[in-house]
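Here is the structure we will look at, set down as structure tokens.
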Amino acid sequence: MNDLTGITDFGLSWLDASGPHSEIVLSTRVRLARNLQGYAFGSRARVNDRKAVLERVREAATEVEMLNGFALFELQALEPRTRRILLERHLASRELVGENGTGAPSSAAVVASAADPIGVMVNEEDHLRLQGLLSGLRLRDAWQLVDRLDEELGTRLPYAYHSEFGYLTSCPTNAGTGLRASVFMHLPGLVLTKEIGKVLQGLSQVGLTFRGLYGEGSEVVGNFFQISNQTTLGKSEEDLIDHLEKIVQQVIQYEQHARHILMRDASSVTEDKIWRAYGLLRYARSLAFEEVMNLLSGVRLGVSMKLLPGLSVYTLNKIMIFTQAAHLEQAAGRELPAAESDAHRAAFVRRIFATEGDVSPDSDSDAGNTSEGTTK
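Structure (structure tokens):
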């Protein structure tokens with residue numbers, strides 16, 4: 003398979019906002035790093051090693067029940083736009099798609115289930131990166147999915163394992179369980195009350211870290227943070243999952259308290275910020291992606307506080323994915339220069355708001371009754 007034609011919602015089941023605490027936690031991801039015996043991995047892997055690994059994974063996938071009807075995308079065979087779509091949907095990492103400017107690595111691939119929200123990145127930093135992605139805070143569910151996939155693949159592939167160090171990985175910090183669990187959170191309350199610094203500092207003190215939208219090395223935009231474990235050696239998978247869930251539950255409580263403080267002590271300022279964000283998204287004619295993310299933060303806060311009852315979290319999640327550059331180009335069927343991309347992005351947001359929920363402030367009914375012709 004060399005494109006995503008005909009499967010426009012591929013890998014996007016987490017957008018439905020059906021999971022617990024979905025107003026704060028967008029998604030939960032669990033990954034397992036694995037390498038195969040007999041083949042060099044990491045920077046030492048040769049072209050033949052990588053090719054052999056891909057063929058072994060391809061063969062094993064045909065026998066794995068959880069990957070029944072799987073799709074396999076070989077990155078070098080894909081159009082650059084399709085590779086970026088996989089990145090924008092979090093099905094592939096920046097390293098796997100070659101966003102560092104070197105192009106996609108040889109024999110790099112994504113294997114994705116047709117039914118379950120699971121998949122495998124092949125020949126990234128490690129031979130295999132098994133992953134599960136679910137809506138809301140569902141660490142245990144995501145872990146169970148990936149653990150089952152790991153067991154099925156492990157009976158067919160010879161994992162590199164050491165009796166003392168556990169599963170062997172390219173980076174020592176991933177050795178042991180090879181597990182990296184992360185929770186993608188929206189924390190505008192903590193940012194606006196200026197408490198976010200204390201929370202992030204506290205994460206580092208308990209063995210966790212934070213990243214931006216695209217994971218390691220990416221910047222935080224729109225008050226969206228990925229919180230994950232830092233190391234895996236010396237602890238069981240269950241311990242790592244339990245620890246992360248405990249801390250994330252605390253962060254959720256802090257965020258809920260911060261939102262309460264905002265509405266108690268600065269309700270007019272907060273509501274103005276929310277409605278300004280909504281107005282710009284609803285009527286703007288040109289929007290950069292970072293601007294969309296920052297405005298979505300305000301609108302998402304308004305939805306969670308019941309100030310924008312006509313919108314759903316699902317709609318906002320969809321905007322966050324489909325306003326990314328490669329998705330806009332896919333919809334347009336061609337490359338889009340930056341300025342034109344900004345115009346397409348704004349038009350897409352206006353169309354979504356017009357068709358999937360329009361809202362108006364109680365004190366200004368005229369704001370929500372603008373004729374449809376002005377929003378196209």
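Residue numbers (the working numbering): 3 to 378. Note that the Cβ used here is the ideal one computed from N, Cα and C, for glycine as well.
Sixteen is the threshold: since fewer than 16 other Cβ atoms of the shown chains lie within 10 Å of the Cβ of P160, the residue is exposed. In terms of Cα proximity to E337, the closest of E65, N37, R86 and H23 is R86.
Contact between the stretch 268-277 and the stretch 207-215 is absent: fewer than three C-beta pairs spanning the two stretches fall below 8 Å.
Residues of the same chain with a CB within less than 8 Å of the CB of A117, apart from the 5 flanking positions on each side, are N70 and G71 in chain order. Our two residues, L264 and E257, have alpha carbons roughly 11 Å apart in a direct line. Rounded to whole angstroms, G199 and H262 show a C-alpha spacing of 19 Å. DSSP, read as helix, strand or coil, puts L38 in strand. In the three-state reduction of the DSSP assignment, T179 falls in the coil class, being assigned neither a helical nor a strand state. Fewer than three beta-carbon pairs drawn from the stretch 326-336 and the stretch 266-274 are found closer than 8 Å, and the two stretches are therefore not classed as touching. Spanning the alpha carbons of V223 and N296 requires a straight line of approximately 7 Å. Between V201 and T30, the CB-CB gap reaches or exceeds 8 Å.
Judged by DSSP in its simplified three-state form, Q232 adopts coil rather than helix or strand. Scanning the stretch 309-363 for uninterrupted alpha helix (DSSP H) segments of 4 residues or longer gives 315-324, 327-334 and 340-357, listed from N- to C-terminal end.
The beta-carbon separation of L242 and T234, rounded to 7 Å, stays under the 8 Å limit for a contact. Taken atom to atom, the span from the alpha-carbon of E67 to that of S288 is near 46 Å. Closest in C-alpha terms to S343, from the list V250, V294, V361 and Y41, comes V294. Spanning the alpha carbons of A345 and P190 requires a straight line of approximately 27 Å. By DSSP's assignment, Q133 forms a beta bridge with R33 and G121. By the C-beta criterion, the stretch 14-23 is judged not to be in contact with the stretch 167-183, since fewer than 3 inter-stretch pairs fall below 8 Å. Here the C-alpha atom of Q39 lies approximately 25 Å from the C-alpha atom of E240.
Look at V208 here: in three-state DSSP terms it is coil, with no helix or strand label.
Taking the C-beta atoms as reference points, Y285 is found no nearer than 8 Å to R182. Per the coordinates, the alpha-carbon of G44 lies some 25 Å from the alpha-carbon of A73.
Taking the Cα of L303 as reference, the smallest distance to any Cα among I26, I229, Q255 and R140 is reached at I26. L74 has V113 as its beta-bridge partners, per DSSP. Inter-residue distance for Q207 and I249 is about 11 Å (C-alpha atoms, whole angstroms). Taking the C-beta atoms as reference points, A114 is found no nearer than 8 Å to G105.
Check the Cα spacing between F75 and each of A111, E81 and M307: the tightest is with A111.
In this structure, G178 sits away from R36, with a CB-CB distance that is not shorter than 8 Å. Cβ-Cβ distances below 8 Å link A42 to R48 and D51 in the same chain, with the five nearest sequence neighbours on each side left out; the list follows chain order. By the CB criterion at 8 Å, L135 and H92 fall inside the cutoff. In its own chain, leaving out the 5 sequence neighbours on each side, no residue places its CB closer than 7 Å to the CB of P339. Residue burial annotation: E57 is exposed, with fewer than 16 other C-beta atoms found within 10 angstroms of its C-beta. Between L210 and N231, the CB-CB gap stays under 8 Å. Counting along the chain, S45 sits inside no alpha helix (DSSP H), nor does DSSP assign it H or E at all. With a cutoff of 8 Å on beta-carbon distance, T357 and A260 are scored as not near each other.
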